[in-house]
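Right, one structure below, let's go through it.
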Amino acid sequence: MPTILYESQHITLNTHENLLDGLERAGVEAPSSCSSGICHGCMAQALSGTVPPDAQRGLTDHQRRLNYFLTCQCYPEADLQFTLAGNLNARTAATLVDKRVLNQRVLRVRLQAEIDWRAGQHIILWRTPTRGRTYSLASTPEEGFLELHVRRRPDGLVSHWLEHQLGIGEQIQISPATGDTYYSPAMPGQPLLLVGTGTGLAPLSGILKQALNDGHHGEIFLYAAAGEPHQLYLCDELNALAEHHRDFHYYPVVHRNQNNLPNLLQGDLVDLIPRRHPKLRRFLVYLCGAPTMVEALQKYCFFNGAYMEDIFIKTFSPASKESPAA
Ligand code: FES
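Residues in the sequence shown are numbered from 0 upward in steps of one, following numbering that gives the first Met the number 0.
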């Protein structure tokens, strides 16, 4: 049985228990958000011992060299001593500068903070020192603010607080922007396929804006899906962009269209994308939203011509109600 030390406190792990769960069971207020290896909010730093390689998956080379790892992905097999101090020190204060309800489901939040980011990456908003939620960035650095599309939840740890309690001008702690889902074409003429459900539109709209800002001159196809027409959002803004950029094509998609509203595609993205895009050779693909859709279309895109390294995905985490796409 390996010896696990959180600074100087002994932590005993149950069989198949990850370090984050073990810490919480031991009464340590350990920071976390997604519990699925996406947000990096549970980052710790090894002081001595051996870090399992899986606990460093998705970290930068620099972070690995400094022995950072993710407690929610860590199943130690050898002695390990670690600290959470770096996690807490890496946070930055952000100021709420605007919030607006976009529809029944989505709250748009804008923050200002001195951080570097790319549209499509994600940050964690910390409601308390140890409890945060992860949100994708819908704005480009050129816009000068961080824009988040927050899924409105009456019982949401962060979403309800953002909507009803945090005032304009008040501050919140955020973690640095992370994630590799951002605009990064090998060639500016590469066609882009952006597909999302719900607030998966947040990273996609940011990536779209960055591509247009950067003079992308390949075709761009954006499919944004919702259950019903009233759950769609940003339609006017996206239609306006499509009018001004002839290579940008915006397709709102709904499962149900009982009133037969015009200009909507109807159906399931998993069926619809293959019908409309039978060949995806050289496409750069971004898939954001429900895991079943993302996983199915990731396979489809790969088997129909897109290189795996050109397919970027971001899923809702089943472990968190407010995850990167939320
Ligand atoms: S990566 Fe561990 S809580 Fe998100």
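We treat Cβ as the ideally placed atom computed from N, Cα and C, and that holds for glycine. Every value quoted in this text rests on a predicted model; they were computed, and no experiment measured them.
Buried versus exposed call for residue i [16 or more other C-beta atoms within 10 Å across all chains shown]
i      : result
Ser7   : exposed
Ser34  : buried
Pro251 : buried
Pro202 : buried
Ala305 : buried
Thr129 : buried
Met307 : exposed
Lys313 : buried
His276 : buried
His121 : buried
Thr177 : buried
Phe81  : buried
Ala185 : exposed
Ser47  : exposed
Gly226 : exposed
Thr180 : buried
Asn259 : exposed
Ala89  : exposed
Thr139 : buried
Three-state secondary structure assigned by DSSP to residue i
i      : result
Ala25  : coil
Ser35  : coil
Leu83  : coil
Gln72  : helix
Trp125 : strand
Pro175 : coil
Arg107 : strand
Arg64  : helix
Phe302 : helix
Arg274 : helix
Pro261 : coil
Thr314 : strand
Met292 : helix
Met307 : helix
Ser322 : Below a pLDDT of 50, predicted positions are generally treated as unreliable, and Ser322, at 48, falls in that range; no measurement from the model is reported.
Ala185 : coil
Asn118 : The sequence given here places Ala at residue 118; Asn does not occur at that position. DSSP places Ala118 in coil when its eight states are reduced to three.
Arg57  : A small correction: the amino acid at residue 57 is Gly; Arg does not occupy that position in the sequence shown. Gly57 falls in the coil class under three-state DSSP.
Gly143 : coil
Thr49  : coil
Gly226 : coil
Close Cβ partners of residue i (< 6 Å) along its chain, the five nearest in sequence each way excluded
i      : result
Val100 : Leu106
Ile123 : Ser32, Cys38, Gly40, Gly131, Thr133, Ser174
Tyr182 : Ile206, Gln209, Ala210
Met0   : none
Leu12  : Gly21
Asn102 : Tyr232
Gly282 : With the sequence shown as reference, residue 282 is identified as Phe, and Gly is not the correct amino acid for it. So the list reads Pro190, Leu192, Ala305, once near-sequence residues are dropped.
Leu279 : Cys300, Asn303, Gly304, Ala305
7 Å Cβ shell around residue i - same chain, five flanking residues per side excluded
i      : result
Cys41  : Leu19, Ala29, Pro30, Ser31, Leu69, Thr70, Cys71
Asn238 : Tyr249
Asn256 : Pro228, Leu263, Gln265
Glu113 : Thr91
Arg104 : Arg150, Arg151, Gln230
His244 : Leu211
Cβ neighbours of residue i in the same chain (closer than 8 Å, five flanking residues each side left out)
i      : result
Pro187 : Asp213, Gly214, His215, His216, Gly217
Gly36  : Arg56, Gly57, Leu69, Cys71, Gln72
Residue i CB to nearest heavy atom of ligand 2 below 7 Å
i     : result
Ser31 : With respect to ligand 2, the structure offers nothing, as its ligand set consists of ligand 1.
Requested in this report: Would you check if there are 3 or more beta carbon pairs closer than 8 Å linking the stretch 188-199 to the stretch 146-156?
Outcome: At 8 Å Cβ cutoff, the stretches touch.
Query raised in the report: Should the stretch 296-311 be called in touch with the stretch 262-273, which here means at least 3 C-beta pairs below 8 Å?
Result: With contact defined as three or more Cβ pairs closer than 8 Å, the stretch 296-311 and the stretch 262-273 are in contact.
Query - Stretch-stretch touch, CB-based, cutoff 8 Å, three pairs: the stretch 159-168 with the stretch 210-225 - result: With the cut-off at 8 Å, the stretch 159-168 and the stretch 210-225 do not touch.
Query raised in the report: Is the stretch 68-79 touching the stretch 15-29 in the sense that three or more CB pairs, one from each, lie closer than 8 Å?
Result: They touch, by the three-pair rule.
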